Amino acid sequence: MTEAINAETLSATHILEYPYTRSVGPVIGRFLAGLRDRRIEGVRTAGGRVLVPPVEYDPRTGEPLSEFVEVGQAGVVSTWAWVAAPRRNHPLDRPFAWALIRLDGADTALLHTVDAGDESKMATGMRVRVRWRESTAGEIHDIACFEPEAS
Amino acid sequence: MAERCAVIGVGQTKHAAKRGDVSMPGLVREAAARALEDAGLTWRGIDAVVIGKAPDMFEGVMMPELFLADALGAVGKPIMRVHTAGSVGGSTALVAAYLVQAGVHERVLTVAFEKQSESNAMWALTISVPFQPPVVAGAGGYFAPHIRAYIRRSEAPAHVGMLVAVKDRLNALRNPYAHLRLPDISLEQVAASPMLWDPIRYLEACPSSDGACAMVLTNGDGAKRSPGAPAWVWGTAMRSEPVIAYGRDQVNPRAGRECAADLYGQAGITNPRREIDVAALYVPFSWYAPMWLENLGFAEEGRGWKLVEDGVTAIDGDLPVNPSGGVLSSNPIGASGMLRFAEAALQVQGRAGEHQVDGARVALGHAYGGGSQFFAMWIVGSEKP
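Quick look at the structure:
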């Protein structure tokens, strides 16, 4: 038989935090600088596909990518999920949709938010348009959200 | 061992305090693309990728293998990450070598990196976890007492560490990829530099660098088809031991001695001092040069400092150590071990440029990590074993 160990189990809180920095490189750097100027750019692969947001290396072949292409500021929702009760850290303070949005001229979809007001306004295949933040800084949140395109 | 293993491609970045011109993917890509070009291969010619970096907390990148797969042309291929603290660059190369030796893959790309400018290695190594002894202040704070113990035991004169610091920085001037370029370095300058962790002065410590290193390893058939003369792997060994254990000798760790003995046995080396032409040792603080010379059997215990003092380890000495300038001149932590392994390969290929050791035929690549508790080593030679 094992004898029970009669000892107090101690615990203590340990908070560890310090800042990191990131160099975005020439491709993501150009994309973010474009957002600052309210322009959305992707890159074209050797196979002709336009990737938005751009990546430095072709995910299929590994080749470096450098041919930038400006794409449209509106596009099609390819899939979405409704957030009925946003939390503190969500980008919008009212119910919204997370959505994958394929911008006009792009072959891939960008993850962002759609401010549709109500879930009933959301549909796969619907058209949405970018809404820029008032002041831009060169980051993805320069796109405040997307909103249903007026038909 | 079913297959021979050879290095047919070596690549590294220019190392610098901050490579703000490239992202992390761009940094590893730079080294990997150079290794491929050196091997006369394209991404298509690679069967698998083995990547290493030092602890996750350094850059806050938890899964570099996931983050960097497309930059390393690994889509549709196996990629894995190796992690053994500071020795990781060495152990990453060894895992790649094992994949070749085991006959699993014919051509393996191995890459290691650190982007210290985006990280916080000093403070990542200074955490004080509740109920555990703190590791004090960074790696220097941890290793300084071991160095003091070495000096006391060996009765080494105080200038030995400074001799190493000067020698490695002068060697670095011959290496176009080296981070530190200190053409005016002198014993007086080292002596006058601030004491960071007694007895380690500022100029006796490694810099913080951004950089990456890559190699292409292949089997005997692959080596036959490669455009240049390969560096043949004669032996590989890794050992580890606990960071804190009763009776553990942290100055001359048993894991390092046993790792070297295993390595020399595989490579048929009975007298390392005579049979090894050049050694690329992991020396982040100057005094680790004499300490590892003893641990690796190049000198008797307590006599390693004599090799330094007598000029034996100079680039024109009879056992050149770190002709590239070593970790004291470039320290992208995760890559630092692989840079030692790659330097050993370049030396026996006769391609080390201005820091080439004349007639180098057998070279040692060495890495250590953690609290002197992980060791990774290889011997490479110009001749097929």
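Read top to bottom, the protein sequences are chains A and B. The opening residue of the first sequence carries number 274 in the working numbering; numbering runs sequentially from there. The opening residue of the second sequence carries number 633 in the working numbering; numbering runs sequentially from there. Backbone N, C-alpha and C fix where the C-beta goes; we use that ideal spot for every residue, glycine too. Since this is a predicted model, take the numbers as computed values, not measurements.
Short Cβ contact (8 Å threshold) for residue i with residue j
i        : j         : result
PHE775/B : PHE1006/B : no
VAL848/B : LEU741/B  : yes
GLN821/B : PRO964/B  : no
LEU700/B : PRO765/B  : no
SER825/B : ARG833/B  : yes
PRO364/A : THR334/A  : no
GLU669/B : THR645/B  : no
ARG312/A : GLU343/A  : yes
GLN619/B : ALA999/B  : The question about residue 619/B has no answer here: the residues shown for chain B are numbered 633 through 1017.
GLY721/B : LEU971/B  : yes
PRO327/A : VAL316/A  : yes
ARG801/B : SER956/B  : no
SER723/B : GLN882/B  : no
GLU750/B : ARG295/A  : yes
VAL401/A : GLU422/A  : yes
Which of helix, strand or coil DSSP assigns to residue i
i        : result
ILE413/A : helix
ILE640/B : strand
LYS799/B : helix
LYS650/B : coil
ALA844/B : strand
GLU237/A : Shown here, chain A extends from 274 to 424; a query on residue 237/A therefore has no answer.
ARG886/B : helix
TYR293/A : coil
PHE973/B : helix
ILE374/A : strand
GLY897/B : helix
SER918/B : coil
ARG406/A : coil
GLY997/B : strand
ILE683/B : strand
HIS778/B : helix
ILE947/B : coil
ILE908/B : coil
CYS891/B : helix
GLU941/B : helix
ILE832/B : strand
MET656/B : helix
Beta-carbon neighbours of residue i, restricted to chain A and to distances below 9 Å
i        : result
SER751/B : TYR293 and THR294
PRO677/B : As written in the sequence, residue 677/B is Gly, which differs from the Pro given in the question. Here the premise fails: no neighbours, minimum Cβ distance about 12 Å.
GLY672/B : Under the 9 Å cutoff, chain A gives no residues; its nearest Cβ is about 17 Å from GLY672/B.
Chain B contact residues for residue i, given Cβ-Cβ distances below 8 Å
i        : result
VAL328/A : ASP702
ILE413/A : In chain order: nothing, as chain B lies at least about 16 Å away.
Under 8 Å from the C-beta of residue i: neighbouring residues of chain A
i        : result
PHE763/B : LEU283 and ALA285
PRO657/B : GLY298, GLU329 and TYR330
SER652/B : Note on identity: in this sequence residue 652/B is Gly, with Ser being the wrong assignment. Simply SER296.
ARG661/B : GLU329, TYR330 and PRO337
TRP755/B : TYR291
Residues near residue i by beta carbon distance below 7 Å, same chain, minus five either side
i         : result
ILE779/B  : PRO831, ILE832, PHE917 and TRP919
GLY1040/B : Residue 1040/B is absent from the model: chain B starts at 633 and stops at 1017.
PRO696/B  : ILE683, LYS685 and ARG713
VAL953/B  : ALA911, LEU913, ALA921 and THR945
VAL940/B  : VAL792, LEU795, VAL796, ALA921 and PRO922
TRP937/B  : SER786, ALA788, VAL792 and PRO922
GLU635/B  : VAL732, GLN733, GLY735, ASN851 and GLY852
VAL325/A  : ILE313, GLY315, VAL344, LEU376, ALA379, THR381 and LEU383
ILE947/B  : ASN803, PRO955, HIS987 and VAL989
VAL1042/B : Chain B is shown from 633 up to 1017; residue 1042/B falls before or after that span and cannot be answered.
Beta-carbon neighbours of residue i, restricted to chain B and to distances below 7 Å
i        : result
LEU289/A : ILE759
GLY335/A : TRP675, ASP702, GLY705 and VAL707
ILE374/A : Result: empty, since nearest Cβ-Cβ is about 22 Å, beyond 7 Å.
SER416/A : The residue you asked about is not Ser; residue 416/A is Ile in the sequence shown. Here the premise fails: no neighbours, minimum Cβ distance about 21 Å.
ILE301/A : SER655
Cutoff 6 Å; reference residue i; Cβ partners in own chain excluding five residues on either side
i        : result
GLY321/A : none
ALA846/B : GLY643, ALA663, ALA664, ALA667 and VAL743
PRO710/B : ALA680
ARG806/B : GLU986 and HIS987
MET399/A : VAL350
PHE930/B : PRO904 and ARG905
Within chain A, the residues that residue i reaches when beta carbons sit closer than 7 Å
i        : result
GLY843/B : The premise fails here: GLY843/B is roughly 13 Å from chain A at the closest Cβ pair, so nothing lies under 7 Å.
GLY692/B : TYR293
8 Å Cβ shell around residue i - same chain, five flanking residues per side excluded
i        : result
LEU308/A : THR409, GLY411, GLU412, ILE413, ASP415 and ILE416
VAL297/A : LEU305
ALA769/B : MET754, THR758 and TRP829
PRO368/A : TRP355, VAL356, ALA357, ALA358, PRO359, GLY390, ASP391 and GLU392
Start-end ranges of the beta strand (DSSP E) lying completely within the segment 698–769 of chain B, minimum 3 residues: For the segment 698–769 of chain B, whole beta strand (DSSP E) runs of length 3 or above, ordered along the chain, are 711–714 and 739–747.
Length at least 3, wholly inside the segment 303–363 of chain A: the beta strand (DSSP E) runs in chain order: Correct list: 314–317, 340–343 and 347–356.
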